[in-house]
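Colleague: Sharing a structure here in structure tokens format.
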Amino acid sequence: MTHFTLPRRRFLQGAAAFGGLALAGPLRAQAAVNFQLSWLPSVQFGGSYIALDKGYWSEEGLEVALQSGGPNAPVEPPVVSGTALMGISAADYTAAAVEQGAPFKIIAVAMQKNPFSIASLPANPVNEPKDLEGKSIGMATSNMPVLQALCEINGVDIDKIEVVPTQYDAAPLVSGQVDCLLCWKTDLPVAMTVAGVENTVMLLADFGYAVHSQTYIATEDAIKNDRATLLSLLKGEVRGWQDYEKDTDAAAALTVEMFPDSGLDLETQKIQAAAQVGLMYSDLTESKGFGWFTEETVAANIETLGLLGRTVSEELWDRSLLEEVHGNAL
Amino acid sequence: MTLSLRAPLMTVAPRATMAVLSLIGVLVGWEILARALASTYLLAGPVDVTRYLIDNSGLMLRALSVTLYEAMWGFVWGNLAGIALAAVVVLVPRFENLVQSLALVVFCLPLVATGPILRVLYGPGLGPQVTLAALAVYYTTFVPTVVGLRATPSTWLDLVASFGHGRWKELTVVRATAALPYLVVGLQIAAPAAFLGAMVGEFTGAERGMGVLAIQAMRSLDVQATWALATVASLVSILAYLVVGGIGKYLWPDRPSIIMASPAQNDGAGRGAKWLKTCGLGFMTLGAVLVLWWGLFELFDVNSFFAKRPMDVWSYLVTSPKALEHRLVLWEAMGETMAFAVPGYLAGLLLGAVLAGVFVLMPNLAGLVLPVSIALRSIPIVTTAPLIVLCLGRGAAGTITIVAVMIFFPTLIACLQGLRQAPGQILDVFNSFATSPLRTLFLARMPAMLPAFFASARMAVPAAILAVTVAEWLSTGTGIGNLMALTTSTSDYNMLYSSIAAVTGLSALAYAAVGALERVVLTIYAPEQVR
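In structure tokens form, the structure reads like this:
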């Protein structure tokens, strides 16, 4: 009943790798690994697509399958049950899962700055948290803790904000049903820009909201017993994102090419790819390497997570794999 | 005969003309509305939709072929399961009540919960899509097939017995033949449902298909794409409905008169004994559900982090120190959901029944409105729910409309069947006394309609719950649908499974309650149905 087709690209790649290895020396078996992404295909995972496309993982002896996410595809179940070796989560999601008994560690951080933003229209803009007072905001009710934390950090009276539950869609803002939206900087605002709707974006991370996003998670068991595979997986991933930074347009083009059936628009993907750069790369990653985090960034996260109602310790983060990756790769 | 006796209140026009007229009317109205709302990014008209479809025909065709492929396998497996269950019920009548209750419970399971589990069990591929499509259809095939297998003239059975054949031969030769027309009715309802199931299945992590495109379109503020997808999905569903119906009509011109079974027949026991029996069945079903729930999870060894067992839910809701708090959260969410589900359910039933009455009085109107009704019912709710909410607002009106739309069409069809069922002799008597059509409707046809009405009222219970939770999940962010969706960010799988248990239990109870009401009413108005 299940139906599996090997994408031609991957097949060719496998064949090429096979040929190359055969020439180079003794044949190394490719270990099959599942890597669970957190959403539908888009340039959000551009670095991973590059790693796959350029064969960074097959060089490591891995046959990586990228599993797409979706509205009804939580990341934690496949990772906790071992179906996927590594998954993409966020510090708040991971903290909640750990609270519920999942043995996860955050082993690298793709988005140094959290992508959550308040999007508004220039005629009635939200440039700083104080501007939220007296406005209506469209958001999923599940994100109430995010708004509460933002208000608390910035001394905004949350009772002066009218919360309207909306689906994840820019239409309520554009059609004037709400004054602003809580969304990712990299999706709904980009959609509005492409549709020709000017918009103002206020990044929560610029106002004290420190929550690592697009974090790489693995189980304690995998970190201990499948360490070599995890290291190879991370190595390829890091190389992919290093390439991504150099040419985001190429990453966008590759994404559209790899997923011709996902309804992706090249222009949108290019703008999204560029918008992501400011969130993923910083002085810290320039000096220490992609995915890096420090005691300071972790401490800031613990504080914000506390405001979100999640009590965590620095134990949630484990940098040892990343240290090995960058020690070897750089 | 009855047709010629009805005084046409409208000028007679061929049905096809009326259908074309109604189609043109809908298209023009749609385009005008779209133009009026052009600046709001809420609605794209038929012109824009057509343009989008032409520009993106390759993408659409590929997505459609993927989703159709999933839906087709789901249709096959789901219907095979429905038929097999029906055969079990007829071969081993002792299991009938239990199998029927279990089948209902499984049908009531919310997609939000089954999706992720199926994805983990199947891994990548089409497994969850096909399974969810199958789950969406098996019940509506199972129910009419059981009725069909039973609707065998006793003389046929006597004939088989006189040749010395057993129950198996009786089932495969005689009963199967009798059941075929009933099966067609089930398959007809199943065709659009399978498509919807496949689309929802794609939310569990697919890379292509109509469901994937729908999410992508909504997020990219691509109104043309959103409405183009909704249009294609509904056209396909309508087509599937008509094609399956057409094949059935061609092969077996005699359509069955009553589609759904009436609840368990009276076996002559007293009221007290009947109550005991009902309670016993309830407990037996509950026990079977718990054992299956626990057993299947253990058998497949699904991780208890996200696949909670009955004991986990019990401790979460009853014995843990925070049990009261958990129950309150659940209770409040259920209240919110019911505030939408109950009015929507009642409105849908009422609308269906009233429209059926109107159609009998004005048969030509049926040709005008029926195609629109099929369209409304066939548009997959995952695409319509956000759109209806966008258009009607995220208050009560939007959600109640979604529920009503899901329910009114099957009710309408069932009630029309019932109304036309009124015995000819009775109608002749009314006619000879020159009774007004309205009076005939109320006094002669209405009692004939009641069994069909109640049957669809029972079937509408799970449909209403499905509609309201999907709307809450995708659009309004309230109630139990939202509570279940929250799990994605909170990993609070205990709350998810408590919600599932509450929703499923409530659906089953509501189903039983409608069944009980049905028995009371039918005992008065249609005693032959309850015997």
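Which chain is which? The protein sequence lines are A and B, in order. Everything in the first sequence is counted per the UniProt record's numbering, starting at 1 for the first residue and increasing by one. Everything in the second sequence is counted per the UniProt record's numbering, starting at 1 for the first residue and increasing by one. Heads up, the beta-carbon is just placed ideally off N, CA and C, and yes, glycines get one too.
Go to Lys249/B, then tell me how far its alpha helix (DSSP H) extends in each direction, as first and last residue.
Modeller: Here residue 249/B refers to the residue found at position 249 of the second sequence. Val223 to Leu251 is the span of the alpha helix (DSSP H), which, as asked, contains Lys249/B.
Colleague: Is Ile500/B close to chain A? Criterion is C-beta to C-beta, closer than 8 Å.
Modeller: Sequence index remark: in the second sequence, residue 500/B carries index 500 (1-based). False, the Cβ-Cβ gap to chain A never drops below 8 Å.
Colleague: Tell me the rounded alpha-carbon separation between Trp292/A and Glu324/A.
Modeller: As a working mapping, residue 292/A is identified with position 292 in the first sequence. As a working mapping, residue 324/A is identified with position 324 in the first sequence. Rounded to whole angstroms, Trp292/A to Glu324/A spans 12 Å at the Cα level.
Colleague: Determine the extent of the alpha helix (DSSP H) in which Pro437/B is found, giving its start and end residues.
Modeller: For this step, residue 437/B is matched to residue 437 along the second sequence. Start and end: Pro437 to Thr440.
Colleague: Which word fits Gly25/B, buried or exposed, when buried means at least 16 other C-beta atoms lie within 10 angstroms of its C-beta?
Modeller: Locating residue 25/B in the second sequence gives position 25, counting from the first residue. By the neighbour-count rule (16 or more Cβ atoms within 10 Å), Gly25/B is not buried but exposed.
Colleague: In the structure shown, what three-state DSSP assignment does Ser491/B receive?
Modeller: Counted from its first residue, the second sequence places residue 491/B at position 491. Three-state result, Ser491/B: coil.
Colleague: By DSSP, does Ala108/A sit in helix, in strand, or in coil?
Modeller: On the first sequence, residue 108/A is found 108 positions in, with the first residue counted as 1. If DSSP states are grouped into helix, strand and coil, Ala108/A belongs with the strands.
Colleague: When Cβ atoms are compared, which residues of the region 116-137 of chain B fall closer than 7 Å to chain A?
Modeller: Those residues of the region 116-137 of chain B that come within reach of chain A (Cβ to Cβ, closer than 7 Å) are Pro116, Arg119, Val120, Tyr122, Gly123, Pro124, Gly125, Leu126, Gly127 and Val130.
Colleague: Is the beta carbon of Ala452/B sitting closer than 8 Å to the one on Val514/B?
Modeller: Numbered from its first residue, the second sequence carries residue 452/B at position 452. Numbered from its first residue, the second sequence carries residue 514/B at position 514. Not a contact, by the Cβ cut-off of 8 Å.
Colleague: Just to confirm my understanding: we take Asn143/A, look at its own chain, exclude 5 residues before and 5 after, and list those with CB closer than 6 Å. What are they?
Modeller: Locating residue 143/A in the first sequence gives position 143, counting from the first residue. Contacts found: Leu182.
Colleague: Does the separation of the CB atoms of Ala134/B and Tyr182/B fall below 8 Å?
Modeller: For the purposes of this step, residue 134/B is taken as the residue at position 134 of the second sequence. For the purposes of this step, residue 182/B is taken as the residue at position 182 of the second sequence. In this structure, Tyr182/B does not lie closer than 8 Å to Ala134/B by Cβ.
Colleague: If distances are taken between C-alpha atoms only, which option among Leu173/A, Cys151/A, Glu63/A and Pro77/A comes closest to Ala123/A?
Modeller: The residue given as residue 123/A occupies position 123 in the first sequence. Taking only the C-alpha atoms, the option nearest Ala123/A is Leu173/A.
Colleague: Can you tell me whether DSSP reads Phe35/A as helix, strand or coil?
Modeller: Mapped onto the first sequence, residue 35/A falls at position 35. Strand.
Colleague: From the beta carbon of Ser220/B, is the nearest beta carbon of chain A less than 8 Å away?
Modeller: For the purposes of this step, residue 220/B is identified with residue 220 of the second sequence, where counting begins at 1. So yes, Ser220/B belongs to the interface.
Colleague: Between the alpha carbons of Leu279/A and Gln216/B, how many angstroms are there, rounded?
Modeller: Within the first sequence, the letter at position 279 stands for residue 279/A. Within the second sequence, the letter at position 216 stands for residue 216/B. Whole-angstrom Cα-Cα distance: 22 Å.
Colleague: Does chain A have any CB closer than 8 Å to the CB of Ala217/B?
Modeller: Stepping through the second sequence from its first residue, residue 217/B is reached at position 217. It does: the Cβ of Ala217/B has a partner Cβ on chain A nearer than 8 Å.
Colleague: My output table needs one value for Ser89/A: the three-state DSSP class, helix, strand or coil.
Modeller: Counting from 1 along the first sequence, the entry for residue 89/A is found at position 89. The answer is strand: DSSP assigns Ser89/A an E or B state.
Colleague: Give the C-beta separation of Val137/B and Ala193/B to the nearest angstrom, bearing in mind that I take them to be a contact with Cβ-Cβ under 8 Å.
Modeller: Taking the first residue of the second sequence as position 1, residue 137/B is located at position 137. Taking the first residue of the second sequence as position 1, residue 193/B is located at position 193. About 5 Å; that satisfies the 8 Å criterion.
Colleague: Which residues of chain A have a Cβ atom closer than 8 Å to the Cβ of Phe306/B, listed in chain order?
Modeller: By 1-based counting over the second sequence, the position of residue 306/B is 306. Under the 8 Å cutoff, chain A gives Pro74, Glu76, Pro77, Val80 and Ser81.
Colleague: When you compare only the Cα positions, how much space is there between Leu64/B and Met311/B?
Modeller: On the second sequence, residue 64/B is found 64 positions in, with the first residue counted as 1. On the second sequence, residue 311/B is found 311 positions in, with the first residue counted as 1. Using only the alpha carbons, I get a separation of about 42 Å.
Colleague: Where do the N-terminal and C-terminal ends of the alpha helix (DSSP H) with Asn67/B fall, by residue?
Modeller: Counting from one through the second sequence, the residue named residue 67/B turns up at place 67. For the record, residue 67/B in the displayed sequence is Thr; it is not Asn. It spans Ser57 to Leu91 - the alpha helix (DSSP H) in which Thr67/B sits, taken as one unbroken run.
Colleague: Distance, Cα to Cα, Ser136/A vs Thr294/A?
Modeller: By 1-based counting over the first sequence, the position of residue 136/A is 136. By 1-based counting over the first sequence, the position of residue 294/A is 294. Cα to Cα, Ser136/A sits roughly 37 Å from Thr294/A.
Colleague: To which residues of the same chain is Gly268/B closer than 6 Å at the C-beta, ignoring the five residues directly before and after it?
Modeller: Counted from its first residue, the second sequence places residue 268/B at position 268. Low per-residue confidence applies at Gly268/B: pLDDT is 48, beneath 50, and the placement is therefore not dependable, though the value from the model is reported in the following sentence. Correct list: empty, nothing qualifies.
Colleague: Contact criterion: CB-CB distance below 8 Å. Does Phe203/B meet it with respect to chain A?
Modeller: For this step, residue 203/B is matched to residue 203 along the second sequence. Output row for Phe203/B: interface = yes.
Colleague: Per DSSP, Ala65/A forms a beta bridge with which residues?
Modeller: By one-based count along the first sequence, residue 65/A stands at place 65. According to DSSP, which records beta bridges pairwise, Ala65/A is partnered with Asn34/A.
Colleague: Under a Cβ-count criterion, where at least 16 other Cβ atoms within 10 Å of its own Cβ denotes burial, should Tyr209/A be classed as buried or exposed?
Modeller: Here residue 209/A refers to the residue found at position 209 when the first sequence is read from its first residue. Buried, since its Cβ has 16 or more Cβ neighbours within 10 Å.
Colleague: Classify Arg35/B as buried or exposed, calling it buried when 16 or more other Cβ atoms lie within 10 Å of its own Cβ.
Modeller: Position 35 of the second sequence, counted from the first residue, corresponds to residue 35/B. Exposed: under 16 other Cβ atoms inside 10 Å.
Colleague: Three-state secondary structure (DSSP) at Leu509/B?
Modeller: In the second sequence, counting from the first residue as 1, residue 509/B sits at position 509. Residue state, collapsed to three classes: helix.
Colleague: Measure from the C-beta of Ala206/B to each C-beta in chain A and report whether the shortest distance is under 8 Å.
Modeller: The residue given as residue 206/B occupies position 206 in the second sequence. Chain A contact via Cβ: present.
Colleague: With respect to the alpha helix (DSSP H) encompassing Phe142/B, which residues constitute its N-terminal and C-terminal limits?
Modeller: Here residue 142/B is taken as the residue at index 142 of the second sequence, counted from 1. Phe142/B -> alpha helix (DSSP H) spans Gly127 to Arg150.
Colleague: Helix, strand or coil, according to DSSP, for Phe306/B in the structure here?
Modeller: As a position in the second sequence, residue 306/B is number 306, starting the count at 1. Coil at Phe306/B, not helix or strand.
Colleague: CB-CB under 8 Å to Leu204/A, same chain, minus the five flanking residues each way: which ones, in chain order?
Modeller: Within the first sequence, the letter at position 204 stands for residue 204/A. Here the set comprises Asn114, Phe116, Ser117, Ile118, Val146 and Leu150.
Colleague: Roughly how many whole angstroms lie between the Cα atoms of Ala22/A and Val238/A?
Modeller: Position 22 of the first sequence, counting from 1, holds the residue named residue 22/A. Position 238 of the first sequence, counting from 1, holds the residue named residue 238/A. Note that Ala22/A scores a pLDDT of 41, beneath 50, so its modelled location is shaky and nothing firm can be said.
Colleague: List the whole-angstrom C-beta distance separating Arg119/B from Gly211/B, where the pair is believed to meet the contact cut-off of C-beta under 8 Å.
Modeller: The residue given as residue 119/B occupies position 119 in the second sequence. The residue given as residue 211/B occupies position 211 in the second sequence. Between Gly211/B and Arg119/B the Cβ distance is about 14 Å, and since that is not below 8 Å, they are no contact.
Colleague: Using a C-beta to C-beta distance shorter than 8 Å, which residues of chain B count as neighbours of Gln174/A?
Modeller: Locating residue 174/A in the first sequence gives position 174, where the first residue counts as 1. Checking the sequence, you will find Val at residue 174/A rather than Gln. Those within 8 Å of Val174/A in chain B are Thr40, Tyr41 and Leu221.
Colleague: What first and last residue would you give for the beta strand (DSSP E) that runs through Ile137/A?
Modeller: Translated into the one-based positions of the first sequence, residue 137/A becomes position 137. Taken as a continuous stretch (DSSP letters only), the beta strand (DSSP E) holding Ile137/A covers Ser136 to Met139.
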